[in-house]
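*Asks:*
In the numbering used here, the protein residues as written are -4 to 593.
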């Protein structure tokens, strides 16, 4: 009898593996977003924007005269927010990108770098270069940053929660709501084990094991990649919503928020958006005082959209000939990006790909992380991605002053001649925890599809530069530790050699200096990159109130990372996901009281 049970279980396991393989092969065979039936069964409320009719903007899910909530941006915050609000009210989500589910460049860990290197108009990531010369990216896909990031999941510190004046009890209920659905415990890759042991060896202690909590020392965090390497994004959380009250439109690019300016205060009444065919539509709010347009377009998209809608600095709006709805000089100000620098660690043995799994939380105001392996096939290293390249897990090019046609051709030839073994190894990453240096966003034109001008002013404050130097010193010690030397089977590198290999990686558009490897300060400035944790632009008390309602107008709220004055935790993804759930419940309680039932 026991043998029969074992055999039966074995057959079931084999059957499950075959089903998984068939689904995976089917997804690859279909290519980008062709296997739409795969997600339409589970998410019947996700439609293309062209299916929308302005004449019936409620789509039978809203009230007779519109939706209770219109969420601009189906990203890391927008998806859990929409799922929560739809439990009681009609919700329309407008996402400018497509779905992540059938896009193999998004769905699988091994294709992480390809999604970032894809510079086509339909890419899930939209590249931009800040005025500082740092190449960056913003999400253009349902699920937002959770669909293109490195997947690491960790919670914010208690200090951050207190600083945000959030209800700690509700926060501690909202985090598990996310974690139970899309977060996994990683299987630690060999590179990550060597990194963990090296952190402890150089004094980043104690070891706190596997935990989501933000604790000084070394720890292993969660991941949104499952054991098969498949990504689970914020878009998965939409399955928790009420399909009878939820409508999600993809390829719906909002042009502006529409206001009624006939009263004492401007009042949001809806939005105008463009579908994938270029046709414009108008979606309206229900004629109720509590109905709202909620901006969840991220730290770049939300300030940009406010300005395009007539809320922002007067001179800038007038320059772009945008009718002024409300003058606010602080929209787009206080932008910050956590500067990151990395050092390359070569290896004489094959290294399996890994993204961030372990992290060192130091008391120096810096975080230490690691990644390894090459994220593409051996042939793709010889592909040319325009000015973008993914051979080291970051986008790279040549300095702008030297980008002649001949130089670019030489760069392409050089890339084709690189052996795959040149990228055997990995990186030690150090990130400034809470940068004091800030910048701003300003419009270049009125086309929402184009990136605005973005300045972060990396290392403009001397304390940020000092912390970078401290962090690089820790990273070098990690690279020189016995655990990494044993793992990589290389001789202990000198500091200058470590820095020189990293400088040659050419990871940004910042002109190089001859003393890059002699001065850690200059190394920090010249090799600064991003880990995509930019935030700010709509700060509390300046653009929004304590409930994140936009100051000076009615029925308009902001719920995304643009309200942050610092990036939460070592990586903000977990807190941004939680915030969507948290604010959804807060809004329902604000409107329904105990009847919210959540």
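C-beta: ideal position from N, C-alpha, C; glycine also.
It should be emphasised that the depicted structure is a prediction, and the values quoted were computed from it without experimental measurement.
Helix, strand or coil for residue 252 per DSSP?
*Replies:* Three-state result, residue 252: strand.
*Asks:* Report the residue from 178, 330, 219 whose alpha carbon sits nearest the alpha carbon of residue 532.
*Replies:* Measuring from the Cα of residue 532, the nearest candidate turns out to be 330.
*Asks:* What number of angstroms, rounded off, separates the C-alpha of residue 124 from the C-alpha of residue 448?
*Replies:* Distance between the alpha carbons of residue 124 and residue 448: 9 Å.
*Asks:* Determine, using beta-carbon pairs with one atom in the segment 98 to 115 and one in the segment 215 to 228, whether at least three such pairs fall under 8 Å.
*Replies:* The segment 98 to 115, when compared against the segment 215 to 228, does touch it at the 8 Å Cβ threshold.
*Asks:* Who are residue 348's beta bridge partners in DSSP?
*Replies:* Answer by DSSP bridge pairing: none, since residue 348 is not bridged.
*Asks:* How many whole angstroms separate the CB atoms of residue 169 and residue 311, which I take to be in contact at a CB cut-off of 8 Å?
*Replies:* Contact doesn't hold; Cβ gap of about 36 Å is too wide.
*Asks:* Could you tell me the boundaries of the alpha helix (DSSP H) in which residue 497 lies?
*Replies:* Looking at the DSSP string, the run of the alpha helix (DSSP H) that includes residue 497 is 490 to 498.
*Asks:* Determine, using beta-carbon pairs with one atom in the segment 231 to 246 and one in the segment 38 to 47, whether at least three such pairs fall under 8 Å.
*Replies:* Short answer: they touch.
*Asks:* How far does the alpha helix (DSSP H) with residue 597 in it extend, from its first residue to its last?
*Replies:* Outside the shown range of the chain, which is -4 to 593, sits residue 597, and nothing can be said about it.
*Asks:* Return helix, strand or coil for residue 223, following the three-state DSSP convention.
*Replies:* Residue 223 falls in the coil class under three-state DSSP.
*Asks:* Can you name the residues that DSSP bridges to residue 482?
*Replies:* Answer is none; residue 482 lacks a bridge partner.
*Asks:* Under 8 Å by Cβ, that's how I've got residue 78 and residue 232 pegged, so tell me the actual separation to the nearest angstrom.
*Replies:* That pair is a contact at about 5 Å.
*Asks:* Three or more C-beta pairs under 8 Å: does that hold for the segment 316 to 325 against the segment 456 to 468?
*Replies:* No, they do not touch.
*Asks:* With a 10 Å radius around its C-beta and 16 neighbouring C-beta atoms as the bar for buried, classify residue 92 as buried or exposed.
*Replies:* When all chains shown are included, residue 92 counts as buried.
*Asks:* Around the Cβ of residue 426, are there at least 16 other Cβ atoms within 10 angstroms (buried) or fewer (exposed)?
*Replies:* Residue 426 is buried by the Cβ-count criterion.
*Asks:* Are the segment 288 to 306 and the segment 123 to 143 touching by the rule of at least three beta carbon pairs closer than 8 Å?
*Replies:* At 8 Å Cβ cutoff, the stretches touch.
*Asks:* Identify the continuous alpha helix (DSSP H) that holds residue 169 and give its terminal residues.
*Replies:* Taken as a continuous stretch (DSSP letters only), the alpha helix (DSSP H) holding residue 169 covers 163 to 177.
*Asks:* On the CB-based measure, 16 or more other CB atoms within 10 Å of its CB, does residue 518 come out buried or exposed?
*Replies:* Classification for residue 518: buried.
*Asks:* Helix, strand or coil for residue 200, going by three-state DSSP, please let me know.
*Replies:* Reduced to three states, the DSSP call for residue 200 is coil.
*Asks:* Kindly indicate the opening and closing residues of the beta strand (DSSP E) around residue 108.
*Replies:* That residue, residue 108, is in no beta strand (DSSP E); its alpha helix (DSSP H) goes 107 to 112.
*Asks:* By the DSSP assignment, the alpha helix (DSSP H) with residue 571 in it spans what residues?
*Replies:* Note, residue 571: alpha helix (DSSP H), 568 to 587.
*Asks:* What's the gap between the Cα of residue 481 and the Cα of residue 145?
*Replies:* Taking the straight line joining both Cα atoms gives about 26 Å.
*Asks:* Just curious, the beta strand (DSSP E) that residue 287 is in, first and last residue?
*Replies:* Counting along the chain, the beta strand (DSSP E) containing residue 287 begins and ends at 287 to 290.
*Asks:* May I ask you to list the residues that DSSP assigns as paired with residue 353?
*Replies:* Paired residue(s): 215.
*Asks:* Buried or exposed for residue 550, please, with buried defined as at least 16 other CB atoms from any protein chain shown within 10 angstroms of its CB.
*Replies:* By the 10 Å Cβ count, residue 550 comes out buried.
*Asks:* Between residue 165 and residue 97, what straight-line distance do the alpha-carbon atoms span, to the nearest angstrom?
*Replies:* Whole-angstrom Cα-Cα distance: 34 Å.
*Asks:* I think residue 250 touches residue 548, with their Cβ atoms under 8 Å apart; what is that distance to the nearest whole Å?
*Replies:* Actually they do not touch by this definition, with Cβ atoms about 18 Å apart.
*Asks:* Looking at C-alpha atoms only, which residue of 558, 455, 573, 492 is the closest neighbour of residue 523?
*Replies:* Taking only the C-alpha atoms, the option nearest residue 523 is 455.
*Asks:* Report all residues from its chain with a CB closer than 7 Å to the CB of residue 187; omit the five preceding and five following residues, and keep chain order.
*Replies:* Closer than 7 Å at Cβ, skipping near neighbours: 349, 352, 353, 365.
*Asks:* Where does residue 561 fall in DSSP's three states?
*Replies:* Coil, per DSSP.
*Asks:* Pick helix, strand or coil for residue 131, following the three-state DSSP scheme.
*Replies:* Note: residue 131 maps to strand in three-state DSSP.
*Asks:* If you draw a straight line from the alpha carbon of residue 303 to that of residue 122, how long is it in whole angstroms?
*Replies:* Straight-line Cα distance between these residues: approximately 20 Å.
*Asks:* Quick one: Cα of residue 207 to Cα of residue 260, how far?
*Replies:* Cα to Cα, the separation comes out at about 43 Å.
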